[in-house]
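**Student:**
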Amino acid sequence: MSETPPEMRSWRSRLFTRLVHSYFALARGMTMGVRAACFDSEGRVFLVRHSYIPGWHMPGGGLERGETAFQALVKELREEGNLEMTDLPELFHVYFNRQTSKRDHVVFYRCRNVRQVSPKKPGLEIVESGFFTLDKLPADTTAATHRRLAELSGSAPPADFW
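For the record, in the sequence shown the residue sitting at position 82 is 82 according to the UniProt record's numbering, with numbers rising by one throughout.
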């Protein structure tokens, strides 16, 4: 088993994740989420920083009952960044997220040429967000985000685990 990622080393993060997934275990048999590498017309990637877990992440979230992965993607991009896709997203890979639980999967997309309708104001969930050049990512960008960007660039093969 791989080392615990920094964003899961805090007892608060572990407790929050455990509580949320305990609820989901009752509400859903398997959990599935979406995340996306969203690039603007300048080739910058959009990242978010949450209030409840450390580090910078690509936007995303869980699927609700009766919701398709595409619908969840559109919803999460709007909620987390006021983002709109100008082209259809490209399904890149599906990962098993064993760090979160034994039944969680992440559907990962590449979204080219997204546009931000208006700047995202900090809120209860997203405390900071923005577009970053690939050579100047925030210092505390998560290891998973770095791995996904390496996979997208072709410098690493897609892994099976998030």
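Beta carbons are placed, not taken as given, at the ideal position from N, Cα and C, and that holds for glycine.
1) Ordered along the chain, which non-local residues of its own chain (more than five positions away) have a Cβ less than 6 Å from that of MET85?
2) Below 8 Å, can you find three or more Cβ-Cβ pairs linking the region 126–146 to the region 63–74?
3) Please identify the residue among PHE46, VAL94 and LEU91 whose C-alpha is closest to the C-alpha of TRP56.
4) Closer than 7 Å by C-beta to ARG18: which residues in its own chain qualify, once you throw out the five before and the five after it? Chain order, please.
5) Here's the rule I'm using: 16 or more other beta-carbon atoms within 10 Å means buried, otherwise exposed. How should ASP135 be labelled?
6) How would you label MET1, buried or exposed, when you count the other beta carbons within 10 angstroms and need 16 or more for buried?
7) In the DSSP output, what is ASP104 paired with across the bridge?
8) Looking at LYS120 and the ligand GDP, is the gap between the Cβ and the nearest heavy atom below 8 Å?
9) Between the Cα of ARG78 and those of ARG65, CYS38, TYR23 and PRO158, spot the shortest distance and give me the residue it belongs to.
10) Buried or exposed, going by whether 16 or more other CB atoms sit within 10 Å of the CB of TRP11?
11) Quick one: using the 10 Å Cβ neighbour count with 16 as the cut-off for buried, is SER129 buried or exposed?
12) Looking at the strands, I want to know which residues DSSP matches up with GLU128.
**Tutor:** The relevant details are as follows:
1) CYS111 and VAL114
2) no
3) PHE46
4) none
5) exposed
6) Low per-residue confidence applies at MET1: pLDDT is 47, beneath 50, and the placement is therefore not dependable, though the value from the model is reported in the following sentence. It is exposed - the Cβ of MET1 has fewer than 16 other Cβ atoms within 10 Å.
7) THR31
8) Because no ligand of any kind appears in the structure shown, any question about the ligand GDP cannot be addressed here.
9) CYS38
10) exposed
11) buried
12) ARG49
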